[in-house]
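Protein chains in written order, with numbering that gives the first Met the number 0: chain A, 0 to 204; chain B, 0 to 263.
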Amino acid sequence: MGGELRYQIGQNAYIKLILHALKHRSSAVNGVLLGRLSGGDSNPVVEIADSVPLFHSQIGLLPPLEIALIQIEEYYGAQGLSIVGYFHANERFDDSELGNVAKNIGDHIHRYFSQAGLLLLDNKKLEALSKGKDRSPVIQLYTRDSSKSWKLIGDGSSRLTMKEPAANIVLLDYISNKKWQDIVDFDDHLDDISKDWLNPELFSS
Amino acid sequence: MVSKTEETQVNRLENQVDNGGGGAWEYLCLVRKLKLRRSDKVLKHGLSILNDSTKRSTLGSEEWTLYEQVAIAAMDCQCLDVAKDCIKVLQKKFPGSKRVGRLEAMLLEAKGSWAEAEIAYSSLLEDNSMDQVIHKRRAAMAKAQGNLSGAIEGLNKYLEIFMADLDVWRELAEIYVSLQMYKQAAFCYEELILSQPTNPVYHLAYADVLYTLGGLENLQSAKKYYASVTDLTGGKNTRALFGICLCTFAIGQLTKGRNKEEKD
């Protein structure tokens with residue numbers, strides 16, 4: 000038996016997801032995580048290298064999701080990255096449950112990548128971010144256990160860590176600059192195909 | 000629904016006001032007319048007029064409309080003190096008004112005092128049981144508390160009386176989709192298509208729901224509805240074009256398996 004599986008999220012992947020949720024404050028949003036499995040059997044790590052913000056309206060519909068996943072897989076496959084998980088932010092602030100839609104999408108990704116992780120935005124931690132010096136991600140990790148249900152991994156276990164320890168400080172900086180206005184998700188892309196879901200400009204300026 | 004030209008107009012005006020170019024009142028009127036939700040901007044620019052007595056006096060009787068608009072925007076931004084002040088001014092001007100009463104109830108709602116807000120809305124409904132806004136507020140309140148089945152019940156009751164309210168049909172459809180109750184959502188979109196047969200938005204949403212439901216028959220009708228969206232928009236809708244591809248592929252997969260079975 001190897002060590003316990005860990006998840007490590009890169010700064011840009013992390014910031015994109017949170018800014019996306021901030022742009023659409025009054026609706027549920029989701030996104031997909033790209034990366035690879037490394038570390039071998041002794042110390043397995045799912046490295047989340049990038050993320051793509053997906054939708055902010057009607058998350059429960061299949062066609063836009065299928066189109067997005069096909070295109071994302073095609074693009075990132077060429078770079079040696081694959082879909083390793085799913086991110087979800089609930090519509091209501093005080094709703095900290097993982098909904099059925101999120102679980103179903105997670106199940107689907109799990110079929111192709113059995114170490115897939117499900118991330119849920121932790122609204123309370125996000126709100127407290129500007130006041131504290133918390134360096135841990137403002138998201139909760141769920142993994143699929145042997146009984147095929149998604150289980151919350153507690154904060155204390157540090158199974159989900161940040162690759163760059165200062166990511167939250169950078170994130171706060173982006174928030175105060177209202178950087179969330181610039182983020183493009185797949186919904187925006189489908190409405191206006193000239194908008195790029197890869198957000199190539201987001202971190203350059 | 001907001002057209003592209005209206006959207007560019009409002010964005011241009013917003014930019015102008017943000018950069019101190021004037022036109023705040025025109026902007027606020029336009030936001031109100033188009034029923035947009037830009038609460039942070041409305042609050043900022045609305046207050047700049049309300050706090051300036053010369054600017055305020057030029058509005059005449061429109062002043063009170065602005066107080067109402069700013070109050071609602073302030074509640075949306077959780078600036079409850081501002082909302083309270085606006086409502087107080089309105090109470091003084093229009094004592095005993097139902098419209099101001101509605102704002103008071105909304106303030107309770109914004110505070111999260113659900114039970115008190117419910118009592119306030121109920122008493123307002125006793126005076127006028129046909130007040131559409133209050134019926135909608137009650138459904139929204141159920142939704143805000145995470146009680147989606149309560150919201151569905153409220154909206155269904157509302158639709159029994161106000162069958163022609165398309166926005167409510169749409170809201171109901173979206174709640175059904177979020178609960179993955181696709182058959183019920185499909186029914187709502189059928190109603191919407193019947194009321195506005197040339198609106199591509201409803202055709203597209205209906206096709207998406209049918210595709211999500213799956214099965215050969217649903218896929219075939221989904222494809223037809225995607226085709227009608229393409230027709231209605233002159234081929235400019237990307238979602239519909241992708242939809243046709245997805246349907247064609249899925250139908251191919253299903254029928255391929257079927258032909259093999261027949262051969263076996």
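Note that CB positions come from ideal geometry on N, CA and C, so glycine has one too.
These figures come from a predicted structure and were not determined experimentally.
Asked                                                                                                                                                                                                                         : Found
Taking Cβ-Cβ distances shorter than 9 Å, what residues in chain A pair up with B/R238?                                                                                                                                        : P62, P63, I66, L189, D190
Among A/L170, A/P43, A/L189, A/D190, whose alpha-carbon lies nearest the alpha-carbon of A/L201?                                                                                                                              : A/L170
What do you reckon, are the CB atoms on A/I182 and A/K15 nearer than 8 Å?                                                                                                                                                     : yes
With DSSP run on the structure shown, which of helix, strand or coil describes B/G22?                                                                                                                                         : coil
Taking the DSSP output, what are the residues bridged to A/S37?                                                                                                                                                               : A/V44
I need the DSSP call for A/H87, collapsed to helix, strand or coil.                                                                                                                                                           : strand
Verify whether the separation of the beta carbon atoms of B/Y210 and B/L245 is less than 8 Å.                                                                                                                                 : yes
Using 8 Å as the cut-off, can you tell me whether the region 120-138 of chain B makes contact with the region 101-108 of chain B, which would need three or more C-beta pairs spanning the two stretches below that distance? : yes
Work out the CA separation of A/G9 and A/G39 for me, nearest whole Å.                                                                                                                                                         : 19 Å
Determine the chain A residues that contact B/L245 at a beta-carbon separation under 8 Å, and present them in chain order.                                                                                                    : P62, E65, I66
Would you say A/R91 reaches chain B, if we count a Cβ-Cβ gap shorter than 8 Å as a contact?                                                                                                                                   : yes
Give a yes or no on whether 8 Å exceeds the smallest Cβ distance from A/G59 to chain B.                                                                                                                                       : yes
With a 10 Å radius around its C-beta and 16 neighbouring C-beta atoms as the bar for buried, classify A/E46 as buried or exposed.                                                                                             : buried
Would A/N122 pass as an interface residue toward chain B - the criterion being a Cβ-Cβ separation below 8 Å?                                                                                                                  : no
By a C-beta neighbour count over all protein chains shown, 10 Å radius and 16 as the cutoff for buried, is A/M0 buried or exposed?                                                                                            : With a pLDDT of 43 at A/M0, under the threshold of 50, the modelled position of this residue cannot be trusted; read the value that follows with caution. It counts as exposed.
Whole angstroms are fine: how far does the CA of A/S175 sit from the CA of B/E25?                                                                                                                                             : 29 Å
From A/H188 to A/G30, what does the alpha carbon distance come to, in whole angstroms?                                                                                                                                        : 14 Å
Taking C-beta to C-beta, are A/A101 and A/F185 nearer than 8 Å?                                                                                                                                                               : no
Expressed to the nearest angstrom, what Euclidean distance is found between the alpha-carbon atoms of B/A150 and A/P52?                                                                                                       : 29 Å
Would you kindly report the start and end of the unbroken beta strand (DSSP E) that includes B/Q77?                                                                                                                           : Unbroken run through B/Q77: none, as it is neither H nor E.
State the start and end residues of the unbroken alpha helix (DSSP H) segment that holds B/T53.                                                                                                                               : 52-56
Name the residue from B/G251, B/P199, B/G111 whose alpha carbon lies nearest to the alpha carbon of B/A239.                                                                                                                   : B/P199
I'd like to know if the region 101-116 of chain A and the region 132-147 of chain A are in contact, where contact means that at least 3 CB-CB pairs between them fall below 8 Å.                                              : yes
Does the Cβ of B/K235 have 16 or more other Cβ atoms within 10 Å, making it buried, or fewer, making it exposed?                                                                                                              : exposed
Grab the span of the alpha helix (DSSP H) containing B/I151 for me, first residue to last.                                                                                                                                    : 147-160
Can you pull the DSSP bridge partners for B/Y210?                                                                                                                                                                             : In DSSP, B/Y210 forms no bridge with anything.
Quick check: B/I250 and B/L218, are their CB atoms within less than 8 Å of each other?                                                                                                                                        : yes
Per the contact definition of three or more C-beta pairs closer than 8 Å, is the region 83-95 of chain A in contact with the region 116-123 of chain A?                                                                       : yes
How far does the beta strand (DSSP E) with A/L119 in it reach, from first residue to last?                                                                                                                                    : 116-120
When burial is assigned at 16 or more other CB atoms within 10 Å of the CB, is A/D195 buried or exposed?                                                                                                                      : exposed
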